[in-house]
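Numbering (this note's numbering), first residue to last: 106 to 589.
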Ligand code: BG6
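Next comes the structure, spelled out in structure tokens:
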């Protein structure tokens, strides 16, 4: 199989917050990978912008170090030198001073794509949008890329949308949810809409329930102060898990086109029912003898913020009436494992006596690690001695199926940045979609705040709080094991 790399148009990409963690870890190494893959035309420019006083040579050193740290096996030498030659730097304080802005304005070229990546604190988004405008740096074709968190509730998200809308058209605004850039997440759409096999069964008549798990082994080390104001609901469910749910639950869009896809996702979000308190379990990881717990990591001994959440969600429409979606995500869990499991119902009538041997069909889409798909089916247990049943997996790991090419699959960020340059918004959240997601999330958070709920403790390295198991047991179901 030969992967097709189609170069994008020549661009000027300005990264605000270019010396920050996200830029060093993901954005700049990602751009280097795309450069190595032949996707970045040599006349393009990547302009770092941040408060740090640096010249372009200093910025190139910083990027070379980031590449050495986060892409240890990437080629150095001529390739790296040619990539570094695309870089420039402007020292800008978004909140004060005009000098940097004038310098940046002077660097802009006509006739190339202009994109501005806001990899900064959300409080600066409005300021950046305004300054790009007043200094004539952004034009009608420019694109801005906005990182999460996009608001912390409906009111703040609306205000932010309104601020951005006063300077940019919706078609110029790219709200990033990096989960949408993950290979397997996009594969969800291919699996559903490029096969006849699954879609006829993709409804509450045949699907018993859906489980979405995003389990992490990391804690909140180093990000405690941000995370403590957020918690798993705002940090993960309102965006990443919500997007996964949308891709599973949405109706087929008429075309794989940005607005057609986003229209269908929006309908799912609007159909989400309010979640009663009994259908939510929140948790906080305990300290161990050697490792700090959530309260120490967040440096807030009184914190009631959840580092784990499980919830049962209903999509109130014809397709999904009666099929619950169980969502869970948490930090410091047993393994880093993200998957979607579609658990099918029993056949209407069994012709076999071996009722005990029967297990349900499950389609598992593994997002990370070991991306792939696994469909468990029933077969006859081999050998003589009557008709006994057993469950076997039809297993496909993308690494095996794609061979060497799997190693070249772009990381979520690099794919999304290339989509920005191409002007393709399919994998970005539209303003109304984001507001609808907050409109569903707000009452859930307000509910536990009003009740003064405290999260349940859970052990580090476990599957989360015991009560989360009960969330499913009481429905006669069980969570899948969290394992890599
Ligand atoms: C981020 C969250 O959006 O996603 C983090 O803020 C989380 O808390 C991360 O760790 C998970 O992303 P990934 O790609 O490692 O699954």
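Even for Gly, the Cβ is constructed at its ideal location relative to N, Cα and C.
Note that the structure is predicted; figures quoted are calculated from it, not measured.
- With a threshold of 16 other beta carbon atoms within 10 Å, residue 443 meets it and is buried.
- When DSSP reads this structure, residue 431 sits in a beta bridge with 316 and 417.
- Taking every protein chain shown into account, the CB of residue 410 has 16 or more other CB atoms within 10 angstroms, so this residue is buried.
- Within the model, the alpha-carbon separation for residue 259 versus residue 217 is close to 36 Å.
- Residue 323 has its CB nearer than 8 Å to a heavy atom of the ligand BG6.
- Residue range 494-502 is occupied by the beta strand (DSSP E) that includes residue 498.
- Using a cutoff of 8 Å, the CB of residue 475 does not count as near the ligand BG6, since none of the ligand's heavy atoms is closer than that.
- If you draw a straight line from the Cα of residue 475 to the Cα of residue 504, it is about 7 Å long.
- Between residue 367 and residue 567 a beta carbon distance of about 37 Å is seen, past the 8 Å cut, so the two are scored as non-contacting.
- With 16 or more other CB atoms across the displayed protein chains lying within 10 angstroms of its CB, residue 250 is buried.
- Cβ-Cβ distances below 8 Å link residue 144 to 110, 111, 112, 113 and 523 in the same chain, with the five nearest sequence neighbours on each side left out; the list follows chain order.
- Residue 245 has its CB no nearer than 8 Å to any heavy atom of the ligand BG6.
- The straight-line gap separating the alpha-carbon atoms of residue 225 and residue 462 is approximately 55 Å.
- Remark: the C-beta of residue 443 is in contact range of the ligand BG6, defined as less than 8 Å to any heavy atom.
- Shown here for residue 465: same chain residues with a beta carbon closer than 6 Å to its own, the five before and five after excluded, namely 448 and 449 in chain order.
- Relative to the Cα of residue 357, the nearest Cα in the group 343, 382 and 308 belongs to 308.
- Taken in chain order, the complete beta strand (DSSP E) segments of 3 residues or longer contained in the stretch 177-227 are 192-196 and 218-223.
- Between residue 561 and residue 388, the C-beta gap is smaller than 9 Å, which places the two residues in contact.
- One Cα belongs to residue 375, the other to residue 123, and the distance between them is close to 36 Å.
- Less than 9 Å divides the Cβ of residue 255 from the Cβ of residue 280.
- Fewer than three beta-carbon pairs drawn from the stretch 534-551 and the stretch 388-397 are found closer than 8 Å, and the two stretches are therefore not classed as touching.
- Relative to the non-hydrogen atoms of the ligand BG6, the Cβ of residue 287 comes within a distance shorter than 8 Å of at least one.
- Secondary structure note for residue 116: it is in no alpha helix (DSSP H), and the uninterrupted beta strand (DSSP E) holding it is 116-121.
- The three-state secondary structure of residue 449, taken from DSSP, is strand.
- Distances from the CB of residue 319 to the heavy atoms of the ligand BG6 include at least one below 8 Å.
- Taking 8 Å as the cut-off, the C-beta of residue 431 does not count as close to any heavy atom of the ligand BG6.
- Between residue 149 and residue 193, the beta carbon gap of about 11 Å keeps them out of contact (Cβ cut-off 8 Å).
- Under DSSP, residue 485 takes part in a beta bridge, and its partners are 494.
- At a cut-off of 8 Å, the beta-carbon of residue 222 does not count as near the ligand BG6: no heavy atom of the ligand is closer than that.
- Every beta strand (DSSP E) stretch that sits fully inside the stretch 259-313 and reaches 3 residues is listed by chain position as 278-280.
- Below 8 Å, too few C-beta pairs join the stretch 513-521 and the stretch 339-357 to call them touching: fewer than three.
- Here residue 412 is near residue 437, since their CB atoms are less than 9 Å apart.
- Separation of the CB atoms of residue 507 and residue 521 is rounded to 20 Å, and the pair is thereby denied contact status at 8 Å.
- By the Cβ criterion, the stretch 491-505 is not in contact with the stretch 184-203, since fewer than three pairs of Cβ atoms, one from each stretch, lie closer than 8 Å.
- Taking 9 Å as the cut-off, the beta carbon of residue 582 is found no closer than this to the beta carbon of residue 390.
- Of the residues assessed, residue 460 falls on the exposed side of the cut-off, its CB having fewer than 16 other CB atoms within 10 angstroms.
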